[in-house]
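Peer 1: Before we start, here is the structure in question, set down as structure tokens.
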Amino acid sequence: MNRFAIAAVVAVALGGSAAVAVAEDAAGLKAQGQQVYEELCATCHGRYGRGDGPLAANLKAPLLDFTNSAWLAGRSDEAIAKGLESASHGPMTVATVLKPEVLQSTIGFIRTLSVPGKHVSVPAGRDIYAASCQGCHGVNGDGKGPVATYLDPPKPRDFTSPEFKIEGREDELVNFISLGAAKAMHGSPYMPEWATRLNPQQIRDTVEYMKTLKKTTP
Ligand code: HEC
Ligand code: HEC
């Protein structure tokens, strides 16, 4: 190896470790923000940020919905932190006593509760998927959940297949999931009608979560 090649390898190695350190920092901040949010804020603001925490019913006014990305979109972290100091936000002394960098990471975590440009919750969808869908569709969405073996064909859809598209078909899928396969397309009686158990928002959350399932390469 000549001198330049060695220098290049060292540069890549150093650059790489710097990138790893930055990623670890980001993960640490997200974990910190999440811990503070779950232990201090979720009692009022709700697990998914929908303003429906266990204490919310005791408050005088309804809370904001952090899963509505429109609220956060136009606000900087500084503006949000400033808002927490204002008198209109009396109960929020919890936020004002946090170290500034911890408040910042907590606000950062609140930003992860919505999807830019949308009003959905991926964590809510993940939990609904785990409770109601993965038994048939599989943890990874490959259609091979433990129940799938016992079903007559057609088998549960494989969401990881390259042919299965969600983008641009969201409304169609929400409709299909709401009605179940039998009513939606004379399909399998095993794909249940979910509108009787999930509200439209929960079905949209689930579809948004399904977009995060990894595709298998064709
Ligand atoms: C005791 C209940 C309670 C707790 C706990 C709580 N909040 Fe709040 N929060 C409120 C109320 C009440 C409001 C005002 C109503 C509104 O604007 O939604 C509010 C508003 C907010 C707002 C909007 C402020 C604005 O500019 O309008 C943010 C951001 C926020 N809270 C973040 C947090 C964070 C971060 C935590 C945890 C460190 C937290 N809250 C803990 C009750 C609470
Ligand atoms: C008891 C088994 C079972 C459960 C539970 C189940 N599914 Fe299905 N699902 C199926 C089967 C079987 C099919 C294939 C239907 C067909 O082709 O007729 C299917 C198909 C689908 C499709 C394919 C639609 C398309 O256009 O290709 C979607 C989307 C879907 N299910 C979503 C869900 C969601 C979301 C949940 C949880 C809320 C869920 N399923 C729970 C069995 C199940």
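Per numbering that gives the first Met the number 0, the sequence shown starts with residue 0, numbered consecutively.
Every residue gets a Cβ at the ideal spot worked out from N, C-alpha and C, and that includes glycine.
1) How should L58 be labelled, buried or exposed, when 16 other C-beta atoms within 10 angstroms of its C-beta is the threshold for buried?
2) Alpha carbons only, please: which of G45, P152, C135 is nearest the one belonging to G144?
3) Can E192 and K182 be called in contact, C-beta distance under 8 Å?
4) Residue ranges of each alpha helix (DSSP H) run of no fewer than 4 residues wholly in the region 158 to 202, ordered along the chain?
5) Which residue from L54, C43, M190 puts its Cα closest to that of I176?
6) Buried or exposed for V96, please, with buried defined as at least 16 other CB atoms from any protein chain shown within 10 angstroms of its CB.
7) Say yes only if the C-beta of H118 is nearer than 7 Å to one or more non-hydrogen atoms of ligand 1, and no if none qualify.
8) In three-state DSSP terms, what is N57?
9) In angstroms, rounded to a whole number, what distance separates the CA positions of S104 and A60?
10) Please determine if the region 70 to 77 and the region 27 to 40 are in contact, where contact requires at least 3 C-beta pairs separated by less than 8 Å.
11) State the beta-bridge partners of H118 as determined by DSSP.
12) Mapping DSSP to helix, strand and coil, what is T92?
13) Quick test of your reading: Y208 and V138, contact by CB under 8 Å. State the CB separation rounded to the nearest angstrom.
14) Restricting to Cα atoms, I'd like to know which of V93, A130, E162, Y149 is closest to T215.
15) Would you please state the rounded distance, in angstroms, between the beta carbons of G142 and K154? I believe it to be under 8 Å.
16) Comparing C-alpha positions only, which one of N67, E38, E100 sits nearest to G27?
17) Is C40 near ligand 1 - that is, is its Cβ less than 7 Å away from at least one heavy atom of it?
18) For T205, count neighbouring Cβ atoms within 10 angstroms of its own Cβ and tell me buried if that reaches 16, exposed if not.
Peer 2: Let me spell this out:
1) exposed
2) C135
3) yes
4) 169 to 184
5) M190
6) exposed
7) no
8) helix
9) 26 Å
10) no
11) N67
12) helix
13) Y208 to V138, Cβ: 12 Å. No contact.
14) E162
15) 6 Å
16) E100
17) yes
18) buried
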